[in-house]
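Novice:
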Amino acid sequence: MTKRKHISVIYTMAGGGHLKAAEALKEVLEATGRYSVTLVNPYTELMPHLDLWKRISKLTSEDIYNKKIIGEGKTGLYCLTYYAGILLNFKLAYREGRKLLGDYFKEQQPDMVISVLPMLNRVIFDALEDYRQTARDKNTVKGAVLITDWTEYGRHIWFPKGHDYFAICGTQEAYDRAMSYKNLKGKVIRTQGLLLMPSFQDISGGDKAALKQELGLDPELPVICMLYGGQGSWRMKVLAQVLKKQSVKAQVLFLCGKNEALARELEQMSMPFTHLVVGFTNEVPRYLSVTDIFVGKPGPGSVSEALHFGQYLLLDKTMALPQEKPVLKWVVKSRAGAAFKNEQDFWTSLSVLLEQIAEGKPSPQGRPNIASQQIPSLIDGIMNDTAV
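If you want my numbering, it's the 1-based position in the sequence shown plus 7.
The following block contains the structure:
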């Protein structure tokens, strides 16, 4: 039996998209029987003591991102200051961080390292080079960045200087950015969409009416899915109050993620329409498969999921992180959806979409995402030096 190649995937819990991508990689690669995949969060497992934010605020950098920036909607100056602090943290901790990662690679002995996080990648690949120097054949140890954003926010945030890794891009914008770097010549790979969990392929194309009935929903009424990422957002309660006031003629799914307090408050609200309040779940594909209108922040993963199912998109401008603004721009420019800034904008835009559905106008055409099917052969190509 051929020994499986070992791949280390580096992720973070800042936001939900990085972990989703890491888990998707593990699932699709291990299913081939050719790879074993180990996931590691360096911030919590290898270098928690280097977290500058924890020293200053008692909250970890991941907690600040999830609870303050995403949870409380501090997406402006607060967010930019946080990013600047993260970059400073990496510069101050570069030497020790490189050593800790290098020691980890020497212990794990991966055949390949894939990063699904930004900002830390130069440290990761310098540490990988240290490991290569101890490997029997250093040329066989590969490195790659799989970008989970729509594109880079700022030069070299995802794709650091150096030619010692491959760039795997799920959008044309990310591909164009990576191709603009001379150091990545011959090392940029394009997938059809951002990497989603394989379960999105498994459930797509089903009978929407039957799927609605399985969830106890009326197959004749439109379904609105409100999703603000894996951490949820109190913005959902504000929008729920708008829907209550207007007695919306639709059914609403509130996917609250890990925000248990939000879920409790929504459950306690009296609403004059059928609704489901869902906490953290692995069945997001199931809920999105019955959805007609997606409402949420412009997260690249969530938008990609909604596009896969062919849904109307209604995105919240006020909750857009700096790196999510390219998503907003693309959605509006390509007429894949609309954006709103306040409650009145939200209701006006939603009313238009509900009217279109009531008139029987066709829903947006789905944009099938097959990245999870492409990844195994792409990784094979990198390992065999035939990728590009």
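Here a beta-carbon is modelled for each residue, glycine too, at the ideal position from N, C-alpha and C.
Nothing here was measured: the structure is a model prediction, and the numbers come from that model.
#1: Using the three-state DSSP reduction, which class does residue 282 fall into: helix, strand or coil?
#2: On a CA-only basis, which of 75, 47, 350 and 304 is nearest residue 333? Give me that one, please.
#3: I believe residue 231 touches residue 300 by the beta-carbon criterion, under 8 Å. Please report the beta-carbon distance rounded to the nearest angstrom.
#4: Who does residue 346 pair with in a DSSP beta bridge?
#5: Taking 7 Å as the cut-off, decide whether the C-beta atoms of residue 361 and residue 297 are in contact.
#6: Just verifying my parser: in three-state terms, what is the DSSP assignment at residue 304?
#7: Would you check if the distance between the CB atom of residue 163 and the CB atom of residue 190 is smaller than 7 Å?
#8: Could you check how far apart the C-beta atoms of residue 314 and residue 374 are, in whole angstroms? I think they sit under 8 Å.
#9: Spatial neighbours of residue 182 within its chain, please: CB distance less than 7 Å, with the 5 preceding and 5 following residues excluded, ordered by chain position.
#10: For residue 123, collect the residues of the same chain with a Cβ closer than 6 Å to its Cβ; drop the 5 residues on either side in sequence, then sort them by chain order.
#11: Between the C-alpha atoms of residue 63 and residue 52, what's the straight-line distance to the nearest angstrom?
#12: In the DSSP assignment, find the unbroken beta strand (DSSP E) run with residue 258 in it and report its ends.
#13: Residues bridged to residue 178 by DSSP?
#14: With a threshold of 16 other CB atoms inside 10 Å of the CB of residue 356, please say whether the residue is buried or exposed.
#15: So for residue 408, helix, strand or coil by DSSP?
#16: What first and last residue would you give for the alpha helix (DSSP H) that runs through residue 389?
#17: Determine the burial state of residue 237: buried for a count of at least 16 other Cβ atoms within 10 Å of its Cβ, exposed for fewer.
#18: Strictly by DSSP, which residues pair up with residue 149?
#19: At which residues does the alpha helix (DSSP H) containing residue 234 begin and terminate?
#20: Is it buried or exposed, residue 146, if we count other Cβ atoms within 10 angstroms and call 16 or more buried?
Specialist: Let me lay it out:
#1: In the structure shown, residue 282 sits in a strand (DSSP, three-state: E or B).
#2: With distances taken between Cα atoms, residue 333 lies closest to 304.
#3: Yes, they are in contact, since the Cβ atoms of residue 231 and residue 300 sit about 5 Å apart, within 8 Å.
#4: DSSP, once it has assigned bridges, lists 322 as partnering residue 346.
#5: Their beta carbons are not under 7 Å apart, which means residue 361 does not touch residue 297 by this criterion.
#6: If DSSP states are grouped into helix, strand and coil, residue 304 belongs with coil.
#7: Residue 163 is not a Cβ neighbour of residue 190, given a cutoff of 7 Å.
#8: Approximately 4 Å separates the beta-carbon atoms of residue 314 and residue 374; this is inside 8 Å, confirming the contact.
#9: Excluding residues up to 5 positions away in sequence, 176, 195 and 197 lie with their Cβ nearer than 7 Å to the Cβ of residue 182 in the same chain.
#10: Annotation for residue 123: 18, 25, 28, 29, 153 and 155 place their beta carbon closer than 6 Å to its own, counting only its chain and skipping 5 residues before and after.
#11: Residue 63 and residue 52 have their alpha carbons spaced roughly 20 Å apart.
#12: DSSP places residue 258 inside the beta strand (DSSP E), whose first and last residues are 258-262.
#13: Under the DSSP definition of a beta bridge, residue 178 lacks any partner.
#14: Taking a 10 Å sphere around the C-beta of residue 356, we find 16 or more other C-beta atoms and assign the residue as buried.
#15: It is not possible to answer for residue 408, since the shown part of the chain is limited to 8 through 395.
#16: For residue 389, the enclosing alpha helix (DSSP H) stretches over residues 378-390.
#17: So residue 237 ends up on the buried side.
#18: Looking at the DSSP assignment, residue 149 forms a beta bridge with 119.
#19: In the DSSP annotation of this structure, residue 234 is not part of any alpha helix (DSSP H); the continuous beta strand (DSSP E) holding it starts and ends at 230-234.
#20: Residue 146 should be labelled exposed.
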